[in-house]
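For what it's worth, the numbering used here labels the leading residue of the sequence shown as 1, then goes sequentially.
Heads up: the structure comes next, in structure tokens.
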Amino acid sequence: MSTPHGSYKIQKTETEKVSIKIAEARCEAENLPLTTWASSFVLSDTLYSLKIDAAKLRDGPQDEYAILELGAGTGLTGLSAAVIWGGNALLTDLPGIVPGLQMNVDLNEDLLKAGNIKAACGALDWNSPEVVHISQPGGTTESVSTKDGFSIILAADTMYTEDHPELLSESIAKCLRRAPHARAIICHPLRVAYIDHIREFWEKMELLGLVVAEEGRKELDLTNWDDERLQEWSSWKWKDL
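The following block contains the structure:
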């Protein structure tokens, strides 16, 4: 069962919006239900304004995934990125969340086909990010290596335990393609309880050879969200490329 799906209107260009259909299935992982976090919406609505070489996302083989979302939840951000930039997206989370992710990929099938792009979903363990177990029709999975890397990595509101800064930064470093155009794009609410996690994440990213290319903050309209008003985003690149 799932909640009735609705549409999130996301800025695609300065003058155009696109509607992404999202449902929230009754599934959970680590005692967290499938839900669309405010940071996912903020990041999705910011993507169009970032300095991304979208042409590079379509340079590889037709079936290659250029975009990877970590801790995807309902998949709003990964789906938005695929539609805005025209690149194939792989949405990942814990196994218990993947059925809800697949539902949202299916809901947006027509939108993806119209852009000649595709999205898939699967389970990725941040302790072993070298392999993604991609869901296949019939309930089977296909194990795919991440060693070639992804041009874009996305993560929204994924730092809420003391383990996350290290796990997330290490996963990004292992999965981000070694290329000048590659970007890891992060968004999180500025919750007081998690400020130390955020600071630690920045330090670890810099130690791993990454540097901020762009950053900013947005204030939420709290009419529709129960979260911190101030949200922070950052886009990271390899320092030596």
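Glycine included, each C-beta is placed from N, C-alpha and C at the ideal position.
Only a predicted model underlies this, so the values are computations on that prediction, with no experimental measurement involved.
{"Item": "For residue 86, which of 92, 65 and 103 has the nearest alpha-carbon?", "Value": "65"}
{"Item": "Classify residue 106: buried if its beta carbon has 16 or more other beta carbons within 10 angstroms, exposed otherwise.", "Value": "exposed"}
{"Item": "What runs of the alpha helix (DSSP H), each 4 residues or longer, lie entirely inside the region 72-112?", "Value": "76-85 and 98-107"}
{"Item": "Take residue 117 and list the residues in its own chain whose beta-carbon comes closer than 8 Å to its own, dropping the five residues that flank it on each side.", "Value": "82, 83, 86, 87, 88 and 89"}
{"Item": "Could you tell me the alpha carbon to alpha carbon distance between residue 69 and residue 187, rounded to whole angstroms?", "Value": "12 Å"}
{"Item": "Compute the distance between the beta-carbons of residue 190 and residue 184, then report whether it is under 8 Å.", "Value": "no"}
{"Item": "When burial is assigned at 16 or more other CB atoms within 10 Å of the CB, is residue 195 buried or exposed?", "Value": "exposed"}
{"Item": "Taking Cβ positions, are residue 43 and residue 156 nearer each other than 8 Å?", "Value": "yes"}
{"Item": "Quick one: give me the first and last residue of the alpha helix (DSSP H) that residue 40 is part of.", "Value": "38-44"}
{"Item": "What are the start and end residues of the alpha helix (DSSP H) that includes residue 189?", "Value": "It is not in any alpha helix (DSSP H) - residue 189 instead sits in the beta strand (DSSP E) that spans 183-189."}
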